[in-house]
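What follows is a single structure, written as C-alpha cells, with notes after it.
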Amino acid sequence: FFGSDSSCVAVQRLMKDLKAFRKDGKKFGLDGGPRNDNLFLWDIKLIDIPESKLSKDLETFAKRHNTEPCINLEMMFPPDYPMSPPFVRVTTPRFKFLTGHVTIGGSICMEMLTKSGWTPTNDIENILVQIRCEILSDPNAQLDLNNANTAYTQSEARAAFQRMVQRYGWDKS
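Numbers 1 to 173, taken from the UniProt record's numbering, label the letters of the sequence shown in order.
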C-alpha cells in the first residue's frame, strides 16, 4: 500500500495533508487526490480557471477532446516527505513554450519545488495553491492547441526540471 521504503513520518504527514486537502481544496480551485490509494502519487486537477486567454484555450481543448476544462497535474512524493519536496508536473494539456511557468517538458518552474526553495512547513494545499497562482499569474499562459492532447511524459518533465534547476542555479530535488 505505501511501499516498503516509506517512512512513518511521510505517511502521517501525507494523511494529514490529504485530510486538509479534501476539506478545503475545491474552494481553492483544486480537485483530486491519491491515485489508486497510493499516498505517494497524486492526480490533481486545477479547476474553475478565471476568464483569460488560458481559460479560453482550456474551453477549446475541452470541446475538442470531450473533457473538462482543467489542468491535470501529477504529484510524486519522496519517501522522506516533507523533508524533501514533491515532484510536480503537468500531464495534460500541453502549454505553449515558456508560458504559465510550465517547462517545455511539463515540470513546474518554481524554486519552492527544489531543495534550495523547499521548506517542510509547506503542505500539499499550500503547494498547489502557489502552483495555481504561478500558472494563472502569467498573462501569456496558453495552450499549444495543435499538440495539447499529447501528454507530457515523466521522463521529459524530469529532464526539463533538471535543465531549469541548472539554468537558475537552484539545488535539485
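No residue lacks a Cβ here, since even glycine has one placed at the ideal position from N, Cα and C. Every value quoted in this text rests on a predicted model; they were computed, and no experiment measured them.
Asked                                                                                                  : Found
Cβ neighbour criterion (16 or more within 10 Å) applied to G169                                        : exposed
Separation of K23 from D31, as counted between CA atoms                                                : 11 Å
Three-state secondary structure (DSSP) of K16                                                          : helix
Exposure label - D37; buried when at least 16 CB within 10 Å                                           : exposed
Exposure label - A20; buried when at least 16 CB within 10 Å                                           : exposed
Status (buried if at least 16 other CB within 10 Å, exposed otherwise) for F1                          : Annotation note: pLDDT 45 at F1 (below 50); position unreliable, coordinate value reported separately. The residue is exposed, with fewer than 16 neighbouring Cβ atoms inside 10 Å.
Whole runs of the beta strand (DSSP E) within the stretch 25–85, excluding any shorter than 3 residues : 30–35, 38–46 and 71–76
Secondary structure of L98, DSSP reduced to three states                                               : coil
Alpha-carbon to alpha-carbon, A10 and D123                                                             : 12 Å
Rounded separation between S4 and R35 - CA only                                                        : Unreliable positioning characterises S4 in this predicted model, as indicated by a pLDDT of 46, which lies under 50. A coordinate reading is not provided.
Buried versus exposed call for K96 [16 or more other C-beta atoms within 10 Å across all chains shown] : buried
Rounded separation between S173 and K63 - CA only                                                      : For S173, the predicted model reports a pLDDT of 47, less than 50, meaning its position is unreliable; a value from the coordinates is still stated below. Distance between the alpha carbons of S173 and K63: 37 Å.
Bounding residues of the beta strand (DSSP E) (the contiguous stretch that carries T103)               : Taken as a continuous stretch (DSSP letters only), T103 belongs to no beta strand (DSSP E), as it is neither H nor E.
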